[in-house]
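Residue numbers (this note's numbering), protein chains in the order written: chain A, 1 to 685; chain B, 1001 to 1264.
For glycine and all other residues, C-beta sits at the position ideal for the given N, C-alpha and C.
Note that the coordinates shown come from a computational prediction; the quantities given were computed from them, not determined experimentally.
As structure tokens, the structure follows; a few thoughts come after it.
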């Protein structure tokens, strides 16, 4: 059944009507995630973690923990810890209750050490301007110098990291919560003590990942695997909510200094950008993508370095390095526009490089009602309205991964690939492209994904899953169809070139020839399968533009989001509903980053003070504006990236809208009421 | 929907198992780490009888609340909870309310219209009982402290975070979980509407949100958008499905979904 509430997107996809194939499993609670796998006789495992930002392990009462009824294994490797949540061992027990009692009985003693918790603990002042940038600024009519900063954002996947391992001695099944079914398989042979042919990684459903579940099995699944092998029984290790905030990656914090010179007409001459990425104890991974390359910013130089402090390190997080950069870049542009006295939408139309984005700016401005925007800071009422905008883009990917299509004698069709569906709709898009390529209704296709015994597919990262797997699956389906038609032609002594399949009917020269069931009944016992065919190559990148309208209560500093228009291109859309959902979801994560999210560390002891969902706030239903996802279908070909681009510009656009409403920029995410009030008083927030 | 009989009596509460008898002077034997002696254990255990519970005496949880040690509110671990119970047993053993545990007890719960007997430690939450003892894993553990709504169930028709309720305290109530919303393979209209509007992505928060939406519709047959937002205030979704959830509720209640613009 189609939905009619987004007429602007009608007809924009290969399949406008289809609902997610795993919808029933997910709305009834039948879908089994890794964390739902409570296996008989399982060991329950928890990691022992440092409660401080920096501390030396001084000892613990291992015997007391081992004496707890039900505790099976206690292991502590004493060492220096340099972040809250760092693990130094584990407790394994017959039940979760015994596991918790074992952990608390340990009574670990720590000697605290001094900590650094922020970029500003190391970066005290701005470095002197470079010679080239200085000469640009000296000769410019107008200049802008500012520091933009963003906090650490945690992925906050609702299913935490971990796995349940069904170990039978000579075989194992690993129920993993992962974005890389194949890569988890690759890392477990040693810990399990089994050859790769003797175990299977299963990941039919994943409760969110957003980048944090890419790569190998991680310490959670590895620890469980070792214990399963040691005790020859199933093992279960999933982080709790606190551990998830502390030790499963994050979007690093950033501090961005910009110094630019520009003309009165808004032409940006150049200058310099210096970025500091807050990477915790990691050595790198803090880069921010500014200048983004989406705008003509003149001759701008960049210097980037990472700053370490006592916190867990970053991991890839939905468009790594982009949202923090877009926040700085978009707000910088609005400040430049304000100084030049020109409309920020007009400034962007002038300097944005991509022609499609230029067209999107026109459409988005109309959809959000940009004509009603009042000049920055011109409103005097208590409630003030603001409009902001930002743009996004993403690169291309080539086809890849492996896929197999099987046509059985009973007419059923299997679409098989090992990739996992992290919520994007991978299961559904695989079904749609298979049905489309063969020419049969979707309901005849069974999609099998999320198993390491299926043809291996890519990890769900970099927005490449659809661009890689959809062409590969399409090619396999087309090849299977060709094999079927050749076989029929042979049996019926017809010319295969005259045969086709349409709406589940085999046709000859356009006329119905055989029903699907009759055609498939002529297949050999084993049916036919194909994992070949030449995949159509990639067609380029994706573009987008977003517009935010909000209201600010100048007495309380509270921001109320009203309306977001998010226009996005992504090539040929496979499934309209899931594509719209990707855009809406990206916007919501961006809004949440703009207004609420902040991993706060105690500056004295380095302990995260909001390691839960009461105090680490993410956007909730009552914070929601009306969000309009617009699929840009004009002239689009190929399957392109969609997962990451829609979350890039949202926080920047929101900050621009706030600047418009109150006339003062808040250059420091999240845009909390205290900062809004400070800015209203003319302070630097 | 289930009737709204107040849970004044607890006829389903089975007698407790015989107390464990650890060696004198040892720990209590339950593995909870406490150093309670045998006599306390006996006093604590014998304090609960079917008669006492049938008489509707104050529940242990209520008693704990009066001491300010409500397990859920303070986030006590299961072990700590049991220790708190033992503290009550020692100091108020005669005059206090019935004390059960810390050893597992048989509890009968009415879930999705079916009586289910489970053997659980008294400090076990309804959520863990559903997930681990009954394999009803649709209710998700996400925060385990009442701040996400992922474990939402209906208890006598009212929306409850099952991570904040002890299973024992649900005795005598009618519990509906996500698994009980669809009957004989026929989905609840709100479930149909969720699928149609793609009001789900990874699906992990979805069961809790579906149950919360059902609670809204039970309360208000035609909720306004603001009422929907308020009604879902206890739920969060990380993928960002709220827009489509609002439309799913509107449509399931016979109202028009929020229209986007036609384009300019």
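Outcome for residue 682 (chain A) when other beta-carbon atoms lying within 10 angstroms are tallied against a minimum of 16: exposed
Three-state class that DSSP yields for residue 150 (chain A) in the structure shown: strand
Span of the alpha helix (DSSP H) around residue 85 (chain A): Per DSSP, residue 85 (chain A) belongs to no alpha helix (DSSP H) and is neither H nor E.
Secondary structure, beta strand (DSSP E): runs of 3+ residues fully inside the region 47 to 75 of chain A: Counting whole runs of 3 or more residues, the region 47 to 75 of chain A contains the beta strand (DSSP E) stretches 55 to 59.
Enclosing alpha helix (DSSP H) for residue 245 (chain A) [first to last residue]: Its alpha helix (DSSP H) spans residues 241 to 247.
8 Å contact criterion, which residue 409 (chain A) and residue 280 (chain A) should meet: CB distance rounded: About 56 Å separates the two Cβ atoms, so there is no contact after all.
Residue 45 (chain A) versus residue 101 (chain A) - alpha carbon distance: 12 Å
Neighbour flag for residue 620 (chain A) against chain E, beta carbons, 8 Å: Any reference to chain E falls outside this structure, whose protein chains are A and B.
Alpha-carbon to alpha-carbon, residue 434 (chain A) and residue 243 (chain A): 40 Å
Neighbourhood of residue 62 (chain A) by C-beta, 8 Å cutoff - its chain only, sequence neighbours within 5 removed: 74, 76 and 106
Nearest-angstrom Cα separation, counted from residue 142 (chain A) out to residue 377 (chain A): 20 Å
Alpha-carbon spacing of residue 125 (chain A) relative to residue 5 (chain A), whole angstroms: Rounded to whole angstroms, the gap between the alpha carbons of residue 125 (chain A) and residue 5 (chain A) is 52 Å.
Selection from B:1230, B:1187 and B:1241 that minimises the alpha carbon distance to residue 29 (chain A): If we check each option's Cα against that of residue 29 (chain A), B:1187 comes out closest.
Identified DSSP bridge partners for residue 567 (chain A): A:545 and A:630
Cβ-Cβ separation, residue 440 (chain A) to residue 501 (chain A) (assumed contact under 8 Å), whole Å: 7 Å
Which of helix, strand or coil DSSP assigns to residue 233 (chain A): In the structure shown, residue 233 (chain A) sits in coil (DSSP, three-state: anything other than H, G, I, E or B).
CB contact check: residue 233 (chain A) to chain B, cutoff 8 Å: no
Below-8 Å beta-carbon distance, residue 509 (chain A) vs any chain B residue: no
Local Cβ density within 10 Å of residue 1069 (chain B), reported as buried at 16 or more and exposed below that: Only weak support is given to the placement of residue 1069 (chain B): the predicted model assigns it a pLDDT of 35, under 50, and the question is left unresolved by the model.
Neighbour list for residue 156 (chain A) in chain B, Cβ cutoff strictly below 7 Å: 1238
Chain A within 8 Å of residue 1168 (chain B), Cβ atoms only: It does not: the Cβ of residue 1168 (chain B) has no partner Cβ on chain A nearer than 8 Å.
Where residue 1073 (chain B) falls, given that 16 or more other Cβ within 10 Å makes a residue buried: Only weak support is given to the placement of residue 1073 (chain B): the predicted model assigns it a pLDDT of 34, under 50, and the value that follows is read from those uncertain coordinates. Looking at its Cβ environment, which holds fewer than 16 other Cβ atoms inside 10 Å, residue 1073 (chain B) is exposed.
Closer than 8 Å to chain B by CB, residue 174 (chain A): no
Buried/exposed call for residue 535 (chain A), threshold 16 Cβ in 10 Å: In the assembly as shown, residue 535 (chain A) is a buried residue. Its beta-carbon has 16 or more other beta-carbons within 10 Å.
Minimum Cβ-Cβ distance from residue 596 (chain A) to chain B less than 8 Å: no
Complete alpha helix (DSSP H) runs within the region 501 to 543 of chain A (minimum length 4 residues, chain order): 516 to 521
Limits of the unbroken beta strand (DSSP E) element including residue 255 (chain A): Per DSSP, residue 255 (chain A) belongs to the beta strand (DSSP E) from 253 to 262.
Of the listed residues A:219, A:93 and A:351, nearest to residue 49 (chain A) (C-alpha basis): A:219
Segment contact, 8 Å Cβ cut-off, at least three pairs: the region 138 to 154 of chain A with the region 315 to 332 of chain A: Result yes; three or more Cβ-Cβ pairs closer than 8 Å.
Among A:318, A:319 and A:271, nearest to residue 688 (chain A) - alpha-carbon criterion: Shown here, chain A extends from 1 to 685; a query on residue 688 (chain A) therefore has no answer.
Outcome for residue 430 (chain A) when other beta-carbon atoms lying within 10 angstroms are tallied against a minimum of 16: buried
Residues sharing a beta bridge with residue 238 (chain A), DSSP: Per DSSP, A:162.
Pair within 8 Å by beta-carbon distance, residue 1124 (chain B) and residue 1170 (chain B): no
Exposed unless 16 or more other CB atoms sit within 10 angstroms - verdict on residue 370 (chain A): buried
Residue 575 (chain A) (DSSP reduced to helix, strand or coil): Three-state DSSP puts residue 575 (chain A) in a strand.
Three-state secondary structure (DSSP) of residue 1261 (chain B): coil
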